């Protein structure tokens with residue numbers, strides 16, 4: 181005990197009693213209280229039928245979380261990525277065709293250039309057959325566009 185006083189003087193001053201106790205006369209009417217409690221549990225509480233909202237609540241939450249993920253991820257990505265892709269393809273298309281055209285023009289002298297112009301004018305006078313015209317129109321226009329054109333003319 182002296183050793184405890186030396187090591188922890190505050191701890192040695194505490195009383196050695198059990199701090200917990202039951203209320204007075206608690207066990208006098210304990211059996212009667214237990215009987216009434218058991219009878220009420222046997223009768224049971226009336227069961228409440230779950231409402232539709234309570235049944236659908238997990239699914240609504242899941243759908244809302246997917247919608248939120250979709251709005252936060254897919255829509256911005258689609259907006260930014262498609263605009264970037266369109267800009268890149270437009271730049272690539274223009275630069276490729278422009279550079280090819282310039283390379284061709286640089287390799288041609290004036291007399292060859294004028295000769296090519298004369299040939300292209302003479303080639304445009306070719307006549308097309310009705311079958312060729314019909315196949316071209318059917319391949320490049322929809323029925324509705326053809327109908328609108330014939331209706332307006």
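Residue numbers (the numbering used here): 181 to 333.
Beta carbons: idealized from backbone N, C-alpha and C, even for Gly.
This one's a predicted model, so the numbers in the text were calculated from it and none came from an experiment.
query                                                                                                                                                      : result
Starting from residue 328, trace the alpha helix (DSSP H) both ways and give me its first and last residue.                                                : 323 to 332
Terminal residues of the continuous alpha helix (DSSP H) containing residue 316?                                                                           : 310 to 320
Given this structure, state the Cα-to-Cα distance separating residue 280 from residue 317, to the nearest angstrom.                                        : 30 Å
For a test of the three-state rule: what should DSSP assign to residue 212, helix, strand or coil?                                                         : helix
In angstroms with no decimal places, state the Cα-to-Cα distance between residue 186 and residue 204.                                                      : 39 Å
Just how far apart, CA to CA, sit residue 199 and residue 223?                                                                                             : 38 Å
When you compare only the Cα positions, how much space is there between residue 259 and residue 228?                                                       : 49 Å
Which of the three DSSP states is assigned to residue 194 in this structure?                                                                               : coil
Would you mind listing the beta strand (DSSP E) stretches within the region 219 to 243 that are 3+ residues and don't spill past its ends, in chain order? : none
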